[in-house]
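> There's a structure below that I have some questions on.
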Amino acid sequence: MVNVIGLGYIGLPTALMLASHGVETVGTDYNSKLVAGLNAGCPSFKEKGLDELFESAVGRGIKFGTEYMQADTYIVSVPTPYDRFSKKVDACYVVEAVKSVLKVCPKGADLVIESTVSPGTVDRFIRPLIASMGLTMGEDVHLAHAPERIIPGNMIRELQDNNRTIGADDKDTGERIKKLYASFCRGEIVVTDIRTAEMTKVVENTFRAVNIAFANELAKICRHDDMDVYEIIRICNMHPRVNILQPGPGVGGHCISVDPWFLVGDYPSLAKVIDESMRTNDGMPDFVLGRICEIMKEKGMKDISRVGLYGLTYKENVDDCRESPTLQLLESQERHLAAGLKVYDPFVKKDMVENQYHDLGAFLDDTDMVVIMVKHDEILENMDRLKGKTVLDCHNVCRMPGVYHL
Ligand code: SAJ
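Per the numbering used here, residue 12 is the first one in the sequence shown, and the count goes up by one each step.
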């Protein structure tokens with residue numbers, strides 16, 4: 012039996028996937044409201060294919076609760092926030108979850124940490140914790156690290172199709188955990204050591220962050236001389252070994268905007284390109300605010316409350332607002348400008364910020380300028396409703412004449 016600890020964006024799909032592939036699974040989360048919702052048949056977030064997977068897992072007998080269970084294998088998938096100032100990972104949730112597992116787990120259980128942790132976290136926090144509880148690694152408990160690579164917006168498919176990395180202290184444990192993930196994973200599963208597995212996960216996200224920063228810096232350079240950055244990227248990417256990503260209004264989400272800082276925090280004198288790239292990405296919301304002011308001046312607009320930000324989530328077609336560029340911009344707005352920008356996002360039902368709308372029509376009625384911060388399908392399907400408005404398109408999705416870009 013597998014006990015999955017933490018039923019968030021990663022833990023829940025993983026628990027459901029295991030159960031729907033015949034593995035006896037119990038999902039545990041300390042948030043009793045979230046557990047009650049799951050037991051009432053309501054997954055805690057929206058994701059393509061999640062409802063169908065949920066139904067299949069419930070049909071195979073998955074259980075949800077707040078207690079840690081007696082199990083052969085534990086998968087810990089709890090948040091790993093980072094300290095904005097020290098840029099170091101806060102492993103407290105992982106440590107607390109592991110401590111709770113160690114209090115109930117039978118001798119010889121497998122303990123898999125799925126949470127993204129900075130390289131060396133297992134050595135620095137988990138091994139000493141196990142020793143401090145009088146337990147012996149490799150006897151009382153077998154440790155592994157299995158970072159995930161699923162991308163919000165395509166999680167369920169990627170959970171099955173992506174290749175996976177399993178870090179383990181010994182070959183037998185690695186092969187046992189590989190077999191468990193192979194119950195649903197059709198990708199290649201590579202077994203390595205734990206520290207290498209910790210590093211690969213952070214490096215993958217850092218690679219993407221640095222490449223996005225390159226695209227963002229290119230956008231700024233092109234803006235300086237009024238060139239079309241999208242046409243330049245399109246043509247460059249026709250080169251067989253060039254793949255430039257897309258500039259945007261900033262980099263959000265709990266991964267690409269966070270994980271690279273682990274390396275900066277751990278290797279401050281070495282992670283120079285990474286540090287500068289993260290500053291570039293973090294500076295994009297301010298850059299967008301500057302563009303808004305430039306365009307208002309050019310159009311003779313005086314009232315910032317007639318400007319609306321379309322999109323509050325960190326990227327298209329997800330309901331996750333963590334580290335969202337719009338939230339970063341609104342914070343920035345309060346530093347630089349009087350509050351007043353209007354906001355609307357079809358995926359955000361609860362009020363998160365001032366002047367937030369919940370209806371596209373009302374939002375468009377009350378704005379003369381729309382800033383496309385997130386390219387949700389909804390705005391792509393309603394481009395005609397932007398006619399007559401000033402548009403700052405941060406994703407190069409609007410084909411109307413006179414549209415402004417980054
Ligand atoms: N973004 C750009 N330009 C681009 C691509 C993305 O500005 O060309 C922005 C997005 O708008 C968003 C942010 O970057 O604000 C991150 O979005 P994303 O789609 O690049 O990535 P995530 O955070 O949704 O998922 C990433 C993925 N990592 C990689 O692709 C290397 C995913 O595979 C990971 O599992 C996930 O992080 C994670 O949980 O670590």
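A virtual CB, placed ideally from N, CA and C, is assigned to each residue, including glycine. Please read these numbers as outputs of a predicted model, since none were measured by experiment.
Provide the residue span of the alpha helix (DSSP H) that contains Val109, from first to last.
Looking up residue 109 in the sequence shown gives position 98. Val109 -> alpha helix (DSSP H) spans Cys103 to Val115.
> Where does Ala349 fall in DSSP's three states?
Working through the sequence shown from its first residue, we reach residue 349 at position 338. Note that Ala349 scores 47 on pLDDT, short of 50, meaning its location in the model is unreliable; the coordinates nonetheless yield the value given after this. In this structure, Ala349 counts as coil in the three-state DSSP scheme.
> To the nearest angstrom, report how far apart Thr211 and Lys231 are at their CA atoms.
In the sequence shown, the residue the question calls residue 211 occupies position 200. In the sequence shown, the residue the question calls residue 231 occupies position 220. Cα to Cα, the separation comes out at about 30 Å.
> In terms of residues, what are the limits of the beta strand (DSSP E) holding Met380?
Reading the sequence shown from its first residue, position 369 is the one you call residue 380. Met380 to Ile383 is the extent of the beta strand (DSSP E) around Met380.
> Please report the straight-line C-alpha distance between Glu58 and Phe358, rounded to a whole angstrom.
Reading the sequence shown from its first residue, position 47 is the one you call residue 58. Reading the sequence shown from its first residue, position 347 is the one you call residue 358. One C-alpha to the other measures close to 11 Å.
> Let me know the secondary structure DSSP gives Thr39 once reduced to three states.
Residue mapping note: residue 39 aligns to position 28 of the sequence shown, counting from 1. Thr39: strand per DSSP, three-state reduction.
> Cα separation between Thr147 and Gly301?
Looking up residue 147 in the sequence shown gives position 136. Looking up residue 301 in the sequence shown gives position 290. Rounded to the nearest angstrom, the two C-alpha atoms are 57 Å apart.
> For the beta strand (DSSP E) containing Tyr321, name the first residue and the last one.
Reading the sequence shown from its first residue, position 310 is the one you call residue 321. Element bounds for Tyr321: Val318 to Tyr321.
> Compute every distance between the C-beta of Ala226 and the non-hydrogen atoms of the ligand SAJ, then say whether any falls below 7 Å.
Counted from its first residue, the sequence shown places residue 226 at position 215. Ala226: yes, Cβ under 7 Å from the ligand SAJ.
> Would you call the region 254-268 and the region 193-207 in contact, with 3 or more CB pairs under 8 Å?
With the cut-off at 8 Å, the region 254-268 and the region 193-207 do not touch.
> Tell me whether Val382 is buried or exposed, calling it buried when 16 or more other Cβ atoms sit within 10 Å of its Cβ.
Residue 382 sits at position 371 when you count from the first residue of the sequence shown. Residue burial is scored here from C-beta neighbours: Val382 has at least 16 other C-beta atoms within 10 angstroms and is therefore classed as buried.
> Residues in the same chain with beta-carbon distance under 8 Å from Cys233, minus the five sequence neighbours each way, listed in chain order, please.
Looking up residue 233 in the sequence shown gives position 222. For Cys233, where only same-chain residues beyond five positions count, the Cβ hits under 8 Å are Asp239, Val240 and Ile243.
> Could you compute how far the alpha carbon of Val15 sits from the alpha carbon of Val34?
Walking along the sequence shown from the start, residue 15 turns up at place 4. Walking along the sequence shown from the start, residue 34 turns up at place 23. One Cα belongs to Val15, the other to Val34, and the distance between them is close to 12 Å.
> For Thr176, which of helix, strand or coil comes out of DSSP?
Taking the sequence shown and counting its residues from 1, one reaches residue 176 at position 165. Reduced to three states, the DSSP call for Thr176 is strand.
> Based on the DSSP secondary-structure assignment, which residues constitute the bridge partners of Met148?
Looking up residue 148 in the sequence shown gives position 137. Per DSSP, Val152.
> Using the rule of at least 16 other Cβ atoms within 10 Å of the residue's Cβ for burial, across every protein chain shown, is Ala349 buried or exposed?
In the sequence shown, counting from the first residue as 1, residue 349 sits at position 338. Low confidence applies to Ala349: its pLDDT is 47, below 50, so where it sits in the model is not reliable enough to give any reading.
> Taking the C-alpha atoms as reference points, what is the distance between Ala30 and Val213?
One-based indexing of the sequence shown puts residue 30 at position 19. One-based indexing of the sequence shown puts residue 213 at position 202. In a straight line, the C-alpha of Ala30 is about 28 Å away from that of Val213.
> Do you know how far the Cα of Tyr355 is from the Cα of His369?
As a working mapping, residue 369 is identified with position 358 in the sequence shown. As a working mapping, residue 355 is identified with position 344 in the sequence shown. Spanning the two alpha carbons is a distance of roughly 6 Å.
> In the DSSP assignment, find the beta strand (DSSP E) that holds Leu122 and state where it starts and stops.
Locating residue 122 in the sequence shown gives position 111, counting from the first residue. It spans Ala120 to Ile124 - the beta strand (DSSP E) in which Leu122 sits, taken as one unbroken run.
> Does the count of Cβ pairs from the region 181-192 and the region 96-108 closer than 8 Å reach three?
no
> If you measure from the CB of Glu215, is any heavy atom of the ligand SAJ nearer than 7 Å?
Within the sequence shown, the letter at position 204 stands for residue 215. For the ligand SAJ, at least one heavy atom lies less than 7 Å from the Cβ of Glu215.
> Quick one: Cα of Gln171 to Cα of Lys110, how far?
In the sequence shown, the residue the question calls residue 171 occupies position 160. In the sequence shown, the residue the question calls residue 110 occupies position 99. So the alpha carbons of these two residues sit roughly 30 Å apart.
> On the DSSP letters alone, give me the boundaries of the alpha helix (DSSP H) that Val408 sits inside.
Taking the first residue of the sequence shown as 1, we reach residue 408 at position 397. Segment: none, Val408 is in no alpha helix (DSSP H) and carries neither H nor E.
> What first and last residue would you give for the alpha helix (DSSP H) that runs through Tyr241?
Locating residue 241 in the sequence shown gives position 230, counting from the first residue. Where Tyr241 is concerned, the enclosing alpha helix (DSSP H) stretches over Val240 to Cys247.
> Going by CA-CA distance only, name the one from Val275, Thr127 and Tyr415 that's closest to Ile86.
As a working mapping, residue 86 is identified with position 75 in the sequence shown. Of the candidates Val275, Thr127 and Tyr415, the one whose C-alpha sits nearest the C-alpha of Ile86 is Thr127.
> Would the beta-carbon of Tyr104 be found less than 7 Å away from any heavy atom of the ligand SAJ?
As a working mapping, residue 104 is identified with position 93 in the sequence shown. Because no heavy atom of the ligand SAJ lies under 7 Å away, the Cβ of Tyr104 does not count as near it: no.
> Using a Cβ cut-off of 8 Å (strictly closer), state whether Pro279 contacts chain B.
No chain B appears in the structure shown, which is made up of a single protein chain.
> On the three-pair Cβ rule with 8 Å, is the region 58-77 touching the region 158-175?
yes
> Run the proximity test for Cys266: is its beta-carbon closer than 7 Å to any non-hydrogen atom belonging to the ligand SAJ?
Position 255 of the sequence shown, counted from the first residue, corresponds to residue 266. Checking every heavy atom of the ligand SAJ against the Cβ of Cys266, one is found closer than 7 Å.
> According to the neighbour-count rule (16 or more other Cβ atoms, all chains shown, within 10 Å of its Cβ), is Phe65 buried or exposed?
Along the sequence shown, read from residue 1 onward, the residue named residue 65 stands at position 54. With 16 or more Cβ atoms within 10 Å of its Cβ, Phe65 is classed as buried.
> Please give me, in chain order, every unbroken run of the alpha helix (DSSP H) with length at least 4 that falls completely inside the region 280-345.
283-293 and 295-310
> Taking only heavy atoms of the ligand SAJ into account, decide whether any of them is closer than 7 Å to the Cβ of Pro92.
As a position in the sequence shown, residue 92 is number 81, starting the count at 1. No, since every heavy atom of the ligand SAJ falls outside the 7 Å radius drawn around the Cβ of Pro92.
> I need the boundaries of the beta strand (DSSP E) containing Asn14, first residue and last residue.
Counted from its first residue, the sequence shown places residue 14 at position 3. Taken as a continuous stretch (DSSP letters only), the beta strand (DSSP E) holding Asn14 covers Val13 to Ile16.
> Can we count Pro54 as close to the ligand SAJ, meaning its CB is less than 7 Å from some heavy atom?
One-based indexing of the sequence shown puts residue 54 at position 43. Checking every heavy atom of the ligand SAJ against the Cβ of Pro54, none is found closer than 7 Å.
> Can you find a heavy atom of the ligand SAJ that lies under 7 Å from the Cβ of Leu256?
Walking along the sequence shown from the start, residue 256 turns up at place 245. Result yes, Cβ under 7 Å from the ligand SAJ.
> What three-state label does DSSP hand Phe195 in the structure shown?
Counting from 1 along the sequence shown, the entry for residue 195 is found at position 184. Phe195 sits in coil when the DSSP states are folded into three classes, being neither helix nor strand.
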